[in-house]
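Residue numbers (my numbering), protein chains in the order written: chain A, 892 to 1004; chain B, 563 to 774.
As structure tokens, then:
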């Protein structure tokens, strides 16, 4: 079975969630929230900011699934597509670096104030 | 003008109106009237107002009008503290807006709307000096790190006075600054705790007032 759609899905999901974590982390130190969401939206974002650690855990969980897809033992019929498997591994590792950097930034932003 | 052009005109006009006016309808450009005093270098008129209101429990909030956590704090104060005060409670509220993350006086009406009260007076401190003074007055240090005073929520007792240049220390304060996370000297804002403190001070003062 081709794991490409699943790997793309989980890495994309992890990137999306880490961006959300960054939004929660930055919401209290960046003025853009009011511009983009209005006062009520910014208040709502600040009220939901407590979910940021759970969102970060979600990104790590999705990356974990991505690693499971690319490093699990392939079935016999899929084992021949070594190049794609290698590409997918690169993709997951690249996404991991980006996601961890964004997740770390989302926490670091708290300490700006 | 064709029917389609008219429709397009209405849509564009509506969009421009929505873009110009906050849904709360509280921006200056939308015609709402809110008096915002500009603090001078001697912190007037806040200094005078504070001393004139002696005998009231006074709440002072330091916020940036574009900071989401400050806005959340204002909304919580409006909903859970000010809206629940008994009618005629001897409470005054001062909100000092500071440009910490780029807020400007144009953002104040929409922020002020969140308090949903007429008890509050609003002050704009364009230089941000008030936050520095207040930081020194409060001893806002976390170890060796000095922290600017904003997103800070303070309660002053009815007998507190502002004597001299520096703003007075409050009877109780809370904040939403990550720089003080875990510092027991400066508790993080818990709206129920804050509301209970305000309630206790108002009740205590009312009893004292009634017995005199």
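Every residue, glycine too, gets a C-beta built ideally from N, C-alpha and C.
Under the DSSP assignment, residue 946 (chain A) falls in the alpha helix (DSSP H) whose first and last residues are 943–962.
Annotated three-state conformation of residue 750 (chain B) is strand, per DSSP. Residue 688 (chain B) is classed as exposed because its beta carbon has fewer than 16 other beta carbons within 10 Å across all chains shown.
With its beta carbon at least 8 Å from every one in chain B, residue 978 (chain A) lies outside the interface. Taking C-alpha positions only, residue 726 (chain B) is separated from residue 655 (chain B) by approximately 21 Å. Collapsing the DSSP output to three states places residue 714 (chain B) in a strand. Take the alpha-carbon of residue 629 (chain B) and the one of residue 744 (chain B): they are about 22 Å apart.
Within the stretch 675–738 of chain B, complete beta strand (DSSP E) segments of at least 3 residues are found at 682–686, 714–718, 734–737, given in chain order. Looking from the CA of residue 935 (chain A), the closest CA among B:638, B:617, B:625 belongs to B:638.
Cα atoms of residue 747 (chain B) and residue 736 (chain B): separation of roughly 10 Å, rounded to the nearest angstrom. Interface residue (Cβ-Cβ distance to chain A less than 8 Å): residue 676 (chain B) is classified as such. By a beta-carbon distance limit of 8 Å, residue 760 (chain B) does not contact residue 709 (chain B). Their separation comes to about 24 Å. Across the stretch 628–647 of chain B, CB contacts with chain A closer than 7 Å involve 628, 629, 630, 631, 633, 634, 637, in sequence order along the chain.
Judged by DSSP in its simplified three-state form, residue 996 (chain A) adopts helix.
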